[in-house]
Amino acid sequence: MPEENSKPFGDPAHPNRPYPWPPPPEDPIPGKAADLIDLSAPRLIVIRQGARKFDYTVPRIPQERWFEYFDGIVSTAERKGKQVVQHTDASSAGVELVEKVVIQDEAAQRMPLAHRLAVANVLTSAYVPDQDMQGFGQVPLVAIWSAGNGGTMRRYKNLVHSFEEPTAEQNRRYRREDSRAQIVGGSRKGTTVYHGAQRALADLYDQLIVSVEGYAIGDTPLAGREMIASHMDTFHKVASVVRLFAPKEIEIEDEDEE
Amino acid sequence: MKIDTAYDVEGLSQALSELLENGFAQARVTRSLDDSDDEGRDRISGSLPPLTLSPGYYKLAEYFLWLEKCKDNDLIKGAFTLAESEGLIAVAEARAQFERNHPPCGACGALQDSPFATGCHKCGAEFMRRSS
Numbered sequence: 024m025p026e027e028n029s030k031p032f033g034d035p036a037h038p039n040r041p042y043p044w045p046p047p048p049e050d051p052i053p054g055k056a057a058d059l060i061d062l063s064a065p066r067l068i069v070i071r072q073g074a075r076k077f078d079y080t081v082p083r084i085p086q087e088r089w090f091e092y093f094d095g096i097v098s099t100a101e102r103k104g105k106q107v108v109q110h111t112d113a114s115s116a117g118v119e120l121v122e123k124v125v126i127q128d129e130a131a132q133r134m135p136l137a138h139r140l141a142v143a144n145v146l147t148s149a150y151v152p153d154q155d156m157q158g159f160g161q162v163p164l165v166a167i168w169s170a171g172n173g174g175t176m177r178r179y180k181n182l183v184h185s186f187e188e189p190t191a192e193q194n195r196r197y198r199r200e201d202s203r204a205q206i207v208g209g210s211r212k213g214t215t216v217y218h219g220a221q222r223a224l225a226d227l228y229d230q231l232i233v234s235v236e237g238y239a240i241g242d243t244p245l246a247g248r249e250m251i252a253s254h255m256d257t258f259h260k261v262a263s264v265v266r267l268f269a270p271k272e273i274e275i276e277d278e279d280e281e
Numbered sequence: 003m004k005i006d007t008a009y010d011v012e013g014l015s016q017a018l019s020e021l022l023e024n025g026f027a028q029a030r031v032t033r034s035l036d037d038s039d040d041e042g043r044d045r046i047s048g049s050l051p052p053l054t055l056s057p058g059y060y061k062l063a064e065y066f067l068w069l070e071k072c073k074d075n076d077l078i079k080g081a082f083t084l085a086e087s088e089g090l091i092a093v094a095e096a097r098a099q100f101e102r103n104h105p106p107c108g109a110c111g112a113l114q115d116s117p118f119a120t121g122c123h124k125c126g127a128e129f130m131r132r133s134s
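Protein chains in written order, with the working numbering: chain A, 24 to 281; chain B, 3 to 134.
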């Protein structure tokens, strides 16, 4: 039998790839526990550098550690003539977070800076994709969480957080915290340093969350406000709930594209 | 030295005045902007009253303007913090000053550019000067 006929499957995306091809990635099956983020398991973050592979295990990050990370983010704004120049630096805070949660033994202390930054990027990778909410209060989230069985980092696109509608009082709390700032260097030419509202957002998440999709504790899908509030990753809390308070983005089309 | 914007009432008052003036001027020039070419837009935009303080003051001022609206519409039930009450007083004072600077036309209600205007820019009504 010619070799061509014995090939078990075709690979149209890579026709020149030598046989045997690697098996295609498994299609996620909705609702299957393996496709849920297991919040109770430590995260395995794999970095490949040439032929070498580095594995870093990240235990569950407690809320207080996340608050230290948020406190370390430097978010500033200053006036340069008629322009306002904004600057945000989360990398130092990210490196500090990694040093606190990952580096516990002597071997890990030799972790290169580039790896610390890469791990920090994975830990803070959750974002709301550029799409409309699926209904009021349903916020989709995309995040890289942990490496799969093949040692490849997986991006989860099926995460959804469903919230109650915030009250005016809750909106007030968010806006008050979000407007807190200090000025360094004088009221006119000085730099505004924003405090950030992440602590309030994490608390508002616990008050407003109704259900989530895409998360589990072991094999049990995460359900119920109390269970979600106590197990959800704080970064995911903040990244999702802020969407309820953020102004709706307006679609803009350039004139010449009409 | 660090200044906490929530406790700098003077800075907050100035930010509120500048925002109110800027908003008023912006509304006035919107129509002119629509009819202008790019160069005209740059010129008109450049003539808006400047915002002179560090950006954090305006974010706080916007919060207090929003809070004032909520309070006026009975949307907020909880007590105000000390900083919030000071902020709301600053909003009331800035609004009173703004209204003195831009009195409404007795005929059509349009706000005027200055208290010394001799006629309404919108309906053309002539204003009587009080003799001292």
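Heads up, the beta-carbon is just placed ideally off N, CA and C, and yes, glycines get one too.
Remember, predicted model here, so these are calculated numbers, not experimental data.
Beta-carbon proximity check, residue i vs residue j, cutoff 7 Å
i: F93 (chain A); j: G219 (chain A); result: yes
i: I167 (chain A); j: V183 (chain A); result: no
i: S63 (chain A); j: I240 (chain A); result: yes
i: S169 (chain A); j: L67 (chain A); result: yes
i: S15 (chain B); j: A109 (chain B); result: no
i: G58 (chain B); j: T7 (chain B); result: yes
i: L245 (chain A); j: V235 (chain A); result: yes
i: F77 (chain A); j: T147 (chain A); result: no
i: L55 (chain B); j: R211 (chain A); result: yes
i: Q205 (chain A); j: V216 (chain A); result: yes
i: P105 (chain B); j: P117 (chain B); result: yes
i: V162 (chain A); j: S263 (chain A); result: yes
i: L18 (chain B); j: V93 (chain B); result: yes
i: S23 (chain A); j: Y65 (chain B); result: Lying outside 24 to 281, the shown extent of chain A, residue 23 (chain A) is not represented and no answer is given.
i: V16 (chain A); j: R133 (chain A); result: Residue numbering for chain A in the displayed model covers 24 to 281; residue 16 (chain A) lies beyond these limits and cannot be assessed.
i: Y179 (chain A); j: I70 (chain A); result: no
i: V265 (chain A); j: L227 (chain A); result: no
i: N172 (chain A); j: G237 (chain A); result: no
i: G1 (chain B); j: E192 (chain A); result: In this structure chain B extends from 3 to 134, so residue 1 (chain B) is not present and cannot be described.
i: V151 (chain A); j: V81 (chain A); result: no
i: P51 (chain B); j: A27 (chain B); result: yes
Coarse secondary structure for residue i, derived from DSSP in three states
i: K71 (chain B); result: helix
i: M134 (chain A); result: coil
i: S15 (chain B); result: helix
i: Q86 (chain A); result: helix
i: H184 (chain A); result: strand
i: P163 (chain A); result: strand
i: S169 (chain A); result: strand
i: Q114 (chain B); result: coil
i: R75 (chain A); result: strand
i: K123 (chain A); result: helix
i: S234 (chain A); result: strand
i: D10 (chain B); result: coil
i: A11 (chain A); result: Residue 11 (chain A) lies beyond the stretch modelled for chain A, which goes from 24 to 281, so this question has no answer here.
i: K61 (chain B); result: helix
i: I78 (chain B); result: coil
i: D256 (chain A); result: coil
i: D153 (chain A); result: coil
i: A204 (chain A); result: strand
i: G117 (chain A); result: helix
i: K4 (chain B); result: strand
i: L50 (chain B); result: coil
i: L22 (chain B); result: helix
Per DSSP, the bridge partner or partners of residue i
i: P244 (chain A); result: A:A239
i: G121 (chain B); result: B:E128
i: Q99 (chain B); result: Answer is none; Q99 (chain B) lacks a bridge partner.
i: Q106 (chain A); result: A:K103
i: S211 (chain A); result: Sequence check: residue 211 (chain A) is Arg here, not Ser. Paired residues: none, contrary to the question.
i: V81 (chain A); result: A:R66
i: R295 (chain A); result: Residue 295 (chain A) lies beyond the stretch modelled for chain A, which goes from 24 to 281, so this question has no answer here.
i: D112 (chain A); result: A:V97
i: Y217 (chain A); result: A:A204
i: D226 (chain A); result: Paired residues: none, contrary to the question.
i: P106 (chain B); result: B:L113
i: T61 (chain A); result: At residue 61 (chain A) the sequence reads Asp, which differs from the Thr that was named. Paired residue(s): A:A239.
Test: residue i CB closer than 7 Å to a CB of chain D
i: D6 (chain B); result: Although the question refers to chain D, the structure presented lacks it and instead comprises the protein chains A and B.
Supposed close pair residue i, residue j - CB separation, criterion 8 Å
i: E70 (chain B); j: L90 (chain B); result: 6 Å
i: V121 (chain A); j: V142 (chain A); result: 5 Å
i: A100 (chain A); j: V107 (chain A); result: 6 Å
i: R102 (chain A); j: C72 (chain B); result: Not a contact, Cβ separation roughly 29 Å.
Using a Cβ-Cβ cut-off of less than 9 Å, list which residues of the segment 86–104 of chain B approach chain A; keep chain order. E86
What are the residues of the segment 173–205 of chain A that lie near chain B, defined by any Cβ-Cβ distance shorter than 8 Å? A191, E192, R195, R198, R199, D201, S202, R203, A204 and Q205
Select from the segment 55–78 of chain B all residues with a C-beta closer than 8 Å to any C-beta belonging to chain A, and list them in chain order. L55, S56, P57, G58, Y59, K61, L62, E64, Y65, W68, L69, C72, L77 and I78
Residues, ordered as in the chain, of the segment 212–228 of chain A that lie near chain B by beta-carbon distance below 9 Å: K212, G213, T214, T215, V216 and Y217
Contact set between the segment 91–107 of chain A and chain B, restricted to residues whose Cβ is under 8 Å from the partner: A100, E101, R102, K105 and V107
Output needed in chain order: residues of the segment 253–272 of chain A with a Cβ under 7 Å from some Cβ in chain B. none
What are the residues of the segment 103–124 of chain B that lie near chain A, defined by any Cβ-Cβ distance shorter than 9 Å? none
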